[in-house]
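Q:
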Amino acid sequence: MAGTSRSRSLQVFDTELSADSVEWCPVPPGHDLLVCGTYQLQSPQEGEEDAAPSRIGRLYLFEFGREESLGRPLAELQRLDTPAILDLKWCHVPVCERPVLGMAAATGELQLYTLAESQDGGRSLQSLHRVQVGEERLALSLDWSTGRLDSADIRAVCSDSAGCVSVFSLADGALAAPAQWKAHDFEAWISAFSYWDTQLVYSGGDDCKLKGWDLRINPSTPVFTSKRHSMGVCSIHSNPHREHIVATGSYDEQVLLWDGRNMREPLSESALGGGVWRLKWHPTHQHLLLAACMHNHFHILHCQQDTGGSGGACPVVASYVLHNSLAYGADWSRLALEEPGPCSPGPEPEPGPEPEPAGHVRIQYESPTASFDTCLEDDAGRYVPEGTAASAPARLALGPDHHDPSLSCLLASCSFYDHMLHVWRWDWTPNDTQQETN
Numbered sequence: 321m322a323g324t325s326r327s328r329s330l331q332v333f334d335t336e337l338s339a340d341s342v343e344w345c346p347v348p349p350g351h352d353l354l355v356c357g358t359y360q361l362q363s364p365q366e367g368e369e370d371a372a373p374s375r376i377g378r379l380y381l382f383e384f385g386r387e388e389s390l391g392r393p394l395a396e397l398q399r400l401d402t403p404a405i406l407d408l409k410w411c412h413v414p415v416c417e418r419p420v421l422g423m424a425a426a427t428g429e430l431q432l433y434t435l436a437e438s439q440d441g442g443r444s445l446q447s448l449h450r451v452q453v454g455e456e457r458l459a460l461s462l463d464w465s466t467g468r469l470d471s472a473d474i475r476a477v478c479s480d481s482a483g484c485v486s487v488f489s490l491a492d493g494a495l496a497a498p499a500q501w502k503a504h505d506f507e508a509w510i511s512a513f514s515y516w517d518t519q520l521v522y523s524g525g526d527d528c529k530l531k532g533w534d535l536r537i538n539p540s541t542p543v544f545t546s547k548r549h550s551m552g553v554c555s556i557h558s559n560p561h562r563e564h565i566v567a568t569g570s571y572d573e574q575v576l577l578w579d580g581r582n583m584r585e586p587l588s589e590s591a592l593g594g595g596v597w598r599l600k601w602h603p604t605h606q607h608l609l610l611a612a613c614m615h616n617h618f619h620i621l622h623c624q625q626d627t628g629g630s631g632g633a634c635p636v637v638a639s640y641v642l643h644n645s646l647a648y649g650a651d652w653s654r655l656a657l658e659e660p661g662p663c664s665p666g667p668e669p670e671p672g673p674e675p676e677p678a679g680h681v682r683i684q685y686e687s688p689t690a691s692f693d694t695c696l697e698d699d700a701g702r703y704v705p706e707g708t709a710a711s712a713p714a715r716l717a718l719g720p721d722h723h724d725p726s727l728s729c730l731l732a733s734c735s736f737y738d739h740m741l742h743v744w745r746w747d748w749t750p751n752d753t754q755q756e757t758n
């Protein structure tokens, strides 16, 4: 791999309940704020076997302080007991001069919180508004139309377990009645705006379909439907820096990059060895893509060459492998770090061949809602990602016009069954010498 890449853990926090969503605040001066959402399915207690399982959650607010070698930079500011949380997203621009956080809840609600500041400088989240997406369903995802920091028309999109997509307008801190339509046959795991044309909404569902919807016309008919993913589509993110570029991920373990003007075939396909639950483009670097890969940790992809339609896989420039459970939530911070931090002693080991599994191994993909699971294995009981083959670690080939500066990034990630939140740092110095390719 070209260049020098080092990741190191800064702090680990036990969320007690299963963690599935983390989001850094994108609105200044709140770049040092981090929220984490949890989801816990509780079985009925003894004597209440006929009762339906309950879903509880907790919302954490943290502040990231000055990084010190022996200190704990992450301080808990607040915890709120809530319904189980499926997704969290900050609006990218202030609303009524304050940051606003959106939450997709297991009660079928889209809830809004505003960030308040007390006279002594303390910060906390306060309930602002809530709206029911639908009864007897779970709100599964949400996105804001403001990814390019445009506040002219603030809207939110939400998908749910009934396969519906809802679009809300936001005015004076309240959500208007939504436009809602049936989008997928099963759970609509993900919905997202095109940040360059916010009349266009993308959605993905457990019916293995990726769809696009034009809000200017009757949204009951998609403008395109793609079956390129072979399993449920659960992550979509529009690139806020490069027009038309969209990344999608699926339980089929593939990350696909698309040109929104031609959704027949993707620009590239990258096999990551784990169901891709979340994708996040870097807030300032147009080529870096963060992926939460369920059974295969967290990875950072460099997508410069592959947005040109080469069809090849995006090289992985960094991986974070310290979680011990399903990798679900991940996000980049906009907080500026000072000098590159000290790296872990010694060089990173070269990736080697994975050991052969002993005995009968089953890999199960369980959704956060515990509504289904999928098992992939070959005849010998060994794990085989559907439609993919094992590949050697990619080398990052940077062209002669590439002049990326060194990067020092702050990230957060969380994992489900071990209920852990990690805050970590990634320092990267790319090698701008062009690598020879065969």
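Under my numbering, the first residue of the sequence shown carries the number 321, and numbering increases by one thereafter.
The C-beta atom is built at its ideal place from N, Cα and C for all residues, glycine as well.
Looking only at DSSP bridge pairs, what is K502 linked to?
A: Counting from one through the sequence shown, the residue named residue 502 turns up at place 182. Beta-bridge pairing links K502 to C484.
Q: For H449, which residues does DSSP report across the bridge?
A: For the purposes of this step, residue 449 is taken as the residue at position 129 of the sequence shown. For H449, which the question treats as bridged, DSSP gives the partners L432.
Q: What residues in its chain sit with their C-beta under 8 Å from that of A426, if we drop five residues either side in the sequence?
A: To locate residue 426, count along the sequence shown from 1; it is residue 106. Taken in chain order, the residues that qualify are Y359, R375, G377, P403, A404, I405, L406, L458, A459 and T689.
Q: Identify the continuous beta strand (DSSP E) that holds H557 and give its terminal residues.
A: For the purposes of this step, residue 557 is identified with residue 237 of the sequence shown, where counting begins at 1. Note, H557: beta strand (DSSP E), V553 to S558.
Q: Cβ of C634 within 7 Å of Cβ of S590?
A: On the sequence shown, residue 634 is found 314 positions in, with the first residue counted as 1. On the sequence shown, residue 590 is found 270 positions in, with the first residue counted as 1. Yes. Within cutoff.
Q: Need the endpoints of the beta strand (DSSP E) that H549 sits in, please.
A: Numbered from 1 along the sequence shown, position 229 holds the residue referred to as residue 549. Run containing H549: none; DSSP gives neither H nor E here.
Q: Check the C-beta distance from V566 over to G580 and give it rounded, since I have them as a contact under 8 Å.
A: Position 246 of the sequence shown holds residue 566. Position 260 of the sequence shown holds residue 580. 5 Å between Cβ atoms; contact.
Q: Using the three-state DSSP reduction, which class does S511 fall into: helix, strand or coil?
A: Position 191 of the sequence shown holds residue 511. Strand, per DSSP.
Q: Rounded to whole angstroms, how far is the Cβ of R475 from the Cβ of S489, which I believe are closer than 8 Å?
A: As a first step, residue 475 must be located in the sequence shown, where it is residue number 155. As a first step, residue 489 must be located in the sequence shown, where it is residue number 169. With a Cβ gap of about 5 Å, R475 and S489 count as contacting.
Q: Keeping to the same chain, check which residues put their C-beta closer than 6 Å to that of T541; ignore five residues upstream and five downstream.
A: As a working mapping, residue 541 is identified with position 221 in the sequence shown. Taken in chain order, the list of residues that qualify is empty.
Q: Start and end of the beta strand (DSSP E) containing T604?
A: Translated into positions along the sequence shown, residue 604 becomes position 284. Unbroken run through T604: none, as it is neither H nor E.
Q: In whole angstroms, what is the alpha-carbon distance linking W744 and K600?
A: For the purposes of this step, residue 744 is taken as the residue at position 424 of the sequence shown. For the purposes of this step, residue 600 is taken as the residue at position 280 of the sequence shown. Using only the alpha carbons, I get a separation of about 16 Å.
Q: Between which two residues does the beta strand (DSSP E) harbouring L337 extend?
A: Taking the first residue of the sequence shown as 1, we reach residue 337 at position 17. Where L337 is concerned, there is no enclosing beta strand (DSSP E), given that its DSSP letter is neither H nor E.
Q: Spell out the partners DSSP gives K531 in its beta bridges.
A: As a working note, residue 531 is residue 211 in the sequence shown. Its beta-bridge partners are S523 and T545.
Q: So, E429 versus R399, is the Cβ gap smaller than 7 Å?
A: The count along the sequence shown starts at 1 and reaches residue 429 at position 109. The count along the sequence shown starts at 1 and reaches residue 399 at position 79. Contact: no.
Q: Quick one: any contact between the stretch 433-441 and the stretch 476-483, if contact means 3 or more CB pairs under 8 Å?
A: Touching, no, given that fewer than three Cβ pairs across the two stretches are closer than 8 Å.
Q: Nearest CA to the CA of S363: which residue from G357, V355, A372 and C356?
A: Taking the sequence shown and counting its residues from 1, the one referred to as residue 363 is at position 43. Ranking G357, V355, A372 and C356 by Cα distance to S363 puts A372 first.
Q: To the nearest angstrom, report how far apart P414 and Q365 are at their CA atoms.
A: Position 94 of the sequence shown holds residue 414. Position 45 of the sequence shown holds residue 365. In a straight line, the C-alpha of P414 is about 43 Å away from that of Q365.
Q: Closest to F513 by CA distance: which of H557, S546, S550 and A491 is it?
A: Sequence index remark: in the sequence shown, residue 513 carries index 193 (1-based). Nearest of H557, S546, S550 and A491 to F513, Cα basis: H557.
Q: Quick check: the Cα distance between H549 and S570, rounded to an integer number of angstroms?
A: The residue you call residue 549 lines up with position 229 of the sequence shown. The residue you call residue 570 lines up with position 250 of the sequence shown. Cα-Cα distance, rounded: 7 Å.
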